[in-house]
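Scroll down for the structure; my scribbles are underneath it.
There are 2 protein chains.
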Amino acid sequence: MSREGEAELPFDPADRIEAGLTFIGHIRSPWGPGTAPRNLRAARESGEGARIELRDGYAAGLAGLEVGRAIQVLYWVDRGVRNLIVQNPRHADGAKGTFALRSPVRPNPIALGTVVITSLDRDTGVIGIDATDAWDGTPVLDIKPWIDTVDVPPGWRP
Amino acid sequence: MSREGEAELPFDPADRIEAGLTFIGHIRSPWGPGTAPRNLRAARESGEGARIELRDGYAAGLAGLEVGRAIQVLYWVDRGVRNLIVQNPRHADGAKGTFALRSPVRPNPIALGTVVITSLDRDTGVIGIDATDAWDGTPVLDIKPWIDTVDVPPGWRP
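Chains as they are written, first to last, in this note's numbering: chain E, -1 to 156; chain U, -1 to 156.
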């Protein structure tokens, strides 16, 4: 199964669970296995939007967000493999450590997308977003406001 | 206990666990309850660095990272309260939804810090970082490379 240069942990992180997550909603997107864009930039270039559907009770948490604001969406991308610590993904330039990659295969399979709110229904808890690389039905863990003074590394210039 | 304008979910997210996390390491910082900076910007202004100590096995995941690179650190900030969906934090300008705040109190208490690597020991798995707002001993969930083409919202300019 493993590709050249890949390495596994000597244990399975899934056997060492220390904290628990709940799903606050799901992503609705045009994507599935085999059709999803490689990353968020490619998703944006596709021109396809997406939406987040929050579960009952969570819509009240949207107060203070607005259309046009950037948010960080944390989502759960469990592919059933959590023990790969060096990976050689297709399209990558050689093997790299998991912490140097944005691959969904990681000890805690949490993905992060910084996206822009395109619509907001505070009654139903449906949030339109400009793009996603997530498969349709992907569980959502959290939404945070993107804040330039903390989310851009010091000294970075476009 | 609750402050003006705050609202709770009609259930406790901690009673609805659907996925599990493992701790890949811990943050070592000068901070604890009452002394931690308000946010990462304030932490950076303090001039205090910090470090991440990875647990055994995970250091191999650092291959491909370098001193000077920006990384996203995901860490677990469970304060024992996960059901507050509208919050009125000290120092905030009124009550806001949890998803419009970076408060550690949220359905899934995952925090995100974008920091710069100041030292890197690939043998011991110790990573120096330029700043953190996390308490000493905070469990670490993930490290990802910060990538400008996906982590800066479209159209943003300094």
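Note that the Cβ used here is the ideal one computed from N, Cα and C, for glycine as well.
Neighbour list for residue i in chain U, Cβ cutoff strictly below 8 Å
{"i": "residue 112 (chain E)", "result": "148, 149, 150, 151"}
{"i": "residue 68 (chain E)", "result": "151, 154"}
{"i": "residue 39 (chain E)", "result": "147, 148"}
{"i": "residue 55 (chain E)", "result": "7, 8, 9, 83"}
{"i": "residue 144 (chain E)", "result": "151"}
{"i": "residue 60 (chain E)", "result": "95, 97, 98"}
{"i": "residue 63 (chain E)", "result": "95, 97, 98"}
Rounded C-alpha distance that separates residue i from residue j
{"i": "residue 113 (chain U)", "j": "residue 48 (chain U)", "result": "10 Å"}
{"i": "residue 60 (chain U)", "j": "residue 74 (chain E)", "result": "22 Å"}
{"i": "residue 67 (chain E)", "j": "residue 4 (chain E)", "result": "39 Å"}
{"i": "residue 50 (chain U)", "j": "residue 6 (chain U)", "result": "34 Å"}
{"i": "residue 129 (chain U)", "j": "residue 38 (chain U)", "result": "7 Å"}
{"i": "residue 27 (chain U)", "j": "residue 33 (chain E)", "result": "43 Å"}
{"i": "residue 144 (chain E)", "j": "residue 31 (chain E)", "result": "28 Å"}
{"i": "residue 92 (chain U)", "j": "residue 2 (chain U)", "result": "9 Å"}
{"i": "residue 110 (chain U)", "j": "residue 131 (chain U)", "result": "10 Å"}
{"i": "residue 150 (chain U)", "j": "residue 142 (chain U)", "result": "15 Å"}
{"i": "residue 103 (chain E)", "j": "residue 76 (chain U)", "result": "24 Å"}
{"i": "residue 14 (chain E)", "j": "residue 155 (chain U)", "result": "42 Å"}
{"i": "residue 148 (chain E)", "j": "residue 0 (chain E)", "result": "37 Å"}
{"i": "residue 44 (chain U)", "j": "residue 78 (chain E)", "result": "41 Å"}
{"i": "residue 65 (chain E)", "j": "residue 107 (chain U)", "result": "25 Å"}
{"i": "residue 69 (chain U)", "j": "residue 46 (chain U)", "result": "18 Å"}
{"i": "residue 19 (chain U)", "j": "residue 146 (chain E)", "result": "28 Å"}
7 Å Cβ shell around residue i - same chain, five flanking residues per side excluded
{"i": "residue 101 (chain U)", "result": "85, 87"}
{"i": "residue 105 (chain U)", "result": "11, 80"}
{"i": "residue 41 (chain U)", "result": "35, 129, 130, 131"}
{"i": "residue 82 (chain E)", "result": "4, 6, 96, 103"}
Other residues of its chain near residue i: CB distance less than 6 Å, five sequence neighbours each side excluded
{"i": "residue 95 (chain E)", "result": "84"}
{"i": "residue 140 (chain U)", "result": "72"}
{"i": "residue 136 (chain U)", "result": "25, 73"}
Integer-rounded CB distance, given that residue j should sit under 8 Å from residue i
{"i": "residue 63 (chain U)", "j": "residue 118 (chain U)", "result": "6 Å"}
{"i": "residue 120 (chain E)", "j": "residue 17 (chain E)", "result": "The Cβ separation is near 30 Å, so there is no contact."}
{"i": "residue 115 (chain E)", "j": "residue 123 (chain E)", "result": "13 Å between Cβ atoms; not a contact."}
{"i": "residue 55 (chain U)", "j": "residue 8 (chain E)", "result": "6 Å"}
Cross-chain neighbours of residue i in chain E, by beta carbon under 8 Å
{"i": "residue 4 (chain U)", "result": "In chain order: nothing, as chain E lies at least about 10 Å away."}
{"i": "residue 140 (chain U)", "result": "97, 104, 105, 106, 108"}
Interface partners of residue i on chain E, CB under 9 Å
{"i": "residue 51 (chain U)", "result": "Under the 9 Å cutoff, chain E gives no residues; its nearest Cβ is about 14 Å from residue 51 (chain U)."}
Partners in chain U for residue i, counting only beta-carbon separations shorter than 7 Å
{"i": "residue 43 (chain E)", "result": "Result: empty, since nearest Cβ-Cβ is about 11 Å, beyond 7 Å."}
{"i": "residue 74 (chain E)", "result": "17"}
Sequence-distant residues of the same chain with beta carbon closer than 8 Å to residue i, five excluded per side
{"i": "residue 138 (chain E)", "result": "21, 22, 23, 24, 25, 50, 52, 71, 72, 73, 74"}
{"i": "residue 134 (chain U)", "result": "25, 26, 27, 28, 29, 30"}
{"i": "residue 90 (chain U)", "result": "99"}
Within chain E, the residues that residue i reaches when beta carbons sit closer than 7 Å
{"i": "residue 20 (chain U)", "result": "11, 14, 15, 16, 105, 106"}
Continuous beta strand (DSSP E) assignments of at least 3 residues falling wholly in the region 48 to 91 of chain U: 48 to 52, 68 to 74, 82 to 85
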